[in-house]
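Asks: Start counting the sequence shown at 8; every next residue gets the next number (my numbering). All C-beta atoms, glycine included, are put in the ideal place defined by N, C-alpha and C. As the structure is a computational prediction, the values presented were derived from the model and not from experiment. The structure's right below; bear with me while I get my questions together.
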Amino acid sequence: MTIRRGSLVTSNSDVTLPRSDVDYTDTYINGVRYRVRTVEIPGPEPASLAVGATYDATLAETNNLHRRVLLICGFAIFASTLFAWLLASFAVRPFKQLAQQTRLIDAGDEAPRVEVHGATEAVEIAEAMRGMLQRIWDEQNRTKEALSSARDFAAVSSHELRTPLTAMRTNLEVLSTLDLPDDQRKEVLSDVIRTQSRIEATLSALERLAQGELSTSDDHVPVDITELLDRAAHDATRVYPDLDVSLVPSPTCIIVGMPAGLRLAVDNAIANAVKHGGATRVQLSAVSSRAGVDIAVDDNGSGVPESEREVVFERFSRGSTASHSGSGLGLALVAQQAHLHGGTASLQDSPLGGARLLLRLPAPS
8 MTIRRGSLVT
18 SNSDVTLPRS
28 DVDYTDTYIN
38 GVRYRVRTVE
48 IPGPEPASLA
58 VGATYDATLA
68 ETNNLHRRVL
78 LICGFAIFAS
88 TLFAWLLASF
98 AVRPFKQLAQ
108 QTRLIDAGDE
118 APRVEVHGAT
128 EAVEIAEAMR
138 GMLQRIWDEQ
148 NRTKEALSSA
158 RDFAAVSSHE
168 LRTPLTAMRT
178 NLEVLSTLDL
188 PDDQRKEVLS
198 DVIRTQSRIE
208 ATLSALERLA
218 QGELSTSDDH
228 VPVDITELLD
238 RAAHDATRVY
248 PDLDVSLVPS
258 PTCIIVGMPA
268 GLRLAVDNAI
278 ANAVKHGGAT
288 RVQLSAVSSR
298 AGVDIAVDDN
308 GSGVPESERE
318 VVFERFSRGS
328 TASHSGSGLG
338 LALVAQQAHL
348 HGGTASLQDS
358 PLGGARLLLR
368 LPAPS
C-alpha cells in the first residue's frame, strides 16, 4: 500500500506502487506482476492511495476461495441429500407398512386389520382402506350367509319333502293303475291334496326363513306395535271365524324393526295356537318399558309341555300336541324374527289356560 500526499510518498513495504489514473491496472515491479487500484483522497492537499497485491497471490487466493466454495457446496449438497433421504425414508415408512399389511390380507376367518401410524396422509389412506376392507368383509360375510342359507334350504327341503312326495307318487300310482270305488278314489284324492298343501306350506315357510336370513339393518324402520297387533287381530278373525281374538288396550309402542317380519311372527303365533293348540280364544298384548317391548300372544288351547318349550323353536320340530299337517317351521320363523330384532322368543303358561308366546324385543341403542 502506497500513500502520496504532495511530494511525500509513504509505503508500508519495500515496494512502492505506481500511481494510476484508472481504478485498476496491472504493472510489473522488479519483474513481479502486481494488480493495483488507485483511489483519490479529497482534501485541501491532493492525496492518493494505491493498494496492490501480487497477481500470483491474488490468483492463488481466488483459487483457494473457489475450492472452499466448492467444498462447502459439495458438503451442503451431500448433507441435504442425506437429510432428504432420511426424511423420505421416514415419510415412506408408513406406506411400506401399509403395503406389507395389504399383502398379508387373505380370505381368512378374521376381519383384516390395517393399522398405520405416522404421516397424516398415510393414516388417512389407511383409514380409507380399512373402511373399504370392512365393507368388502361385510359383503363377503353376507355372501357366505346367503350360500349357507341356500345349502341349508336345499338340505332341509330334500329331507322334509322326500316323504310327502313319495306318498303323493304312491297315491298317484294307485289312482292310475287301480280301478277304485268312488269313495276310495275320493279318499286318495283328498290325501293327495292334503299332501300337496303340506308341501306348499313347507316351501313357503322355507322361503320366508331364507328371506329373513338375508335381511339387513337397512330393512329396519319405526314400527307401531299397537297398530300392528290391531291389524293382526282384525285379520285373524277373518281367517279363523270361530276364533275369539282380542287386543289388550295399551299406549302406543314404537320400536325400530321390520314390519313384515314382526307381523309374520304374530300371525304364526296365532296360527300355531289354533292349529296345534286347538285354541278358541287368543289375546294379544304389548307392554313397553325402557328395556324394550314385550309382545305376548295368549291362548286357551292345550298348551306346550315344559320339556318341549325350547325344542319346538327349532326347524322341523313338532311338539307332542302338534298336528301332523304342519311344516314344523312356524315357531322357527318366530324365533328367527326375534333373533333378527336382537330379542328372544319363549313359551310360558298363559293366564287363559293355554300357552303364552312371549316376544321380548330390546329398545334401540
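Return yes when the Cβ of residue 33 is within less than 8 Å of the Cβ of residue 40, no when it is not.
Replies: Closer than 8 Å, so yes.
Asks: How about the segment 238-258 and the segment 292-310: do they share at least three Cβ pairs that are nearer than 8 Å?
Replies: At 8 Å Cβ cutoff, the stretches touch.
Asks: Please report the straight-line C-alpha distance between residue 290 and residue 306, rounded to a whole angstrom.
Replies: Roughly 6 Å between the two C-alpha positions.
Asks: CB residue 150 to CB residue 171, shorter than 8 Å?
Replies: No, the pair does not count as a contact, with Cβ atoms beyond the cut-off.
Asks: What did DSSP end up calling residue 197 once you bin it into helix, strand or coil?
Replies: In this structure, residue 197 counts as helix in the three-state DSSP scheme.
Asks: Is the CB-CB distance between residue 3 and residue 279 below 8 Å?
Replies: Outside the shown range of the chain (8 to 372) lies residue 3, about which nothing can therefore be said.
Asks: With the cut-off set at 8 Å, would you say residue 22 and residue 10 are in Cβ contact?
Replies: Result no, Cβ atoms of residue 22 and residue 10 do not sit closer than 8 Å.
Asks: Which stretch, first to last residue, makes up the alpha helix (DSSP H) that contains residue 94?
Replies: Taken as a continuous stretch (DSSP letters only), the alpha helix (DSSP H) holding residue 94 covers 62-110.
Asks: Three Cβ pairs or more, each shorter than 8 Å: is that satisfied between the segment 352-366 and the segment 307-323?
Replies: The answer is yes - the segment 307-323 touches the segment 352-366, with three or more Cβ pairs under 8 Å.
Asks: Between residue 43 and residue 24, which are expected to be in contact by the criterion C-beta below 8 Å, what is the C-beta distance as a whole number of angstroms?
Replies: That belief holds up - the Cβ atoms of residue 43 and residue 24 are roughly 5 Å apart, short of 8 Å.
Asks: For the beta strand (DSSP E) holding residue 229, just list the boundary residues, first then last.
Replies: Counting along the chain, the beta strand (DSSP E) containing residue 229 begins and ends at 228-231.
Asks: Going by Cα to Cα distance, which pick from 210, 94, 302, 182 is closest to residue 237?
Replies: Checked all of 210, 94, 302, 182; the closest Cα to residue 237 is 302.
Asks: Figure out for me which residue from 57, 349, 52 has the closest Cα to the Cα of residue 14.
Replies: Comparing Cα positions, the closest option is 52.
Asks: Can you look up residue 23 in the DSSP assignment and give me helix, strand or coil?
Replies: Correct three-state label for residue 23: coil.
Asks: Let me know if residue 64 comes out buried or exposed under the rule of 16 or more other beta-carbons within 10 Å of its beta-carbon.
Replies: Exposed, because fewer than 16 other Cβ atoms sit within 10 Å of the Cβ of residue 64.
Asks: Out of curiosity, what's the CA-to-CA distance linking residue 207 and residue 165?
Replies: Going from the Cα of residue 207 to the Cα of residue 165 covers about 14 Å.
Asks: If residue 368 and residue 264 are in contact, beta carbons under 8 Å, what's the gap, nearest whole angstrom?
Replies: That pair is a contact at about 7 Å.
Asks: Under three-state DSSP, which class holds residue 47?
Replies: The answer is strand: DSSP assigns residue 47 an E or B state.
Asks: So, helix, strand or coil for residue 351, using DSSP?
Replies: Correct three-state label for residue 351: strand.
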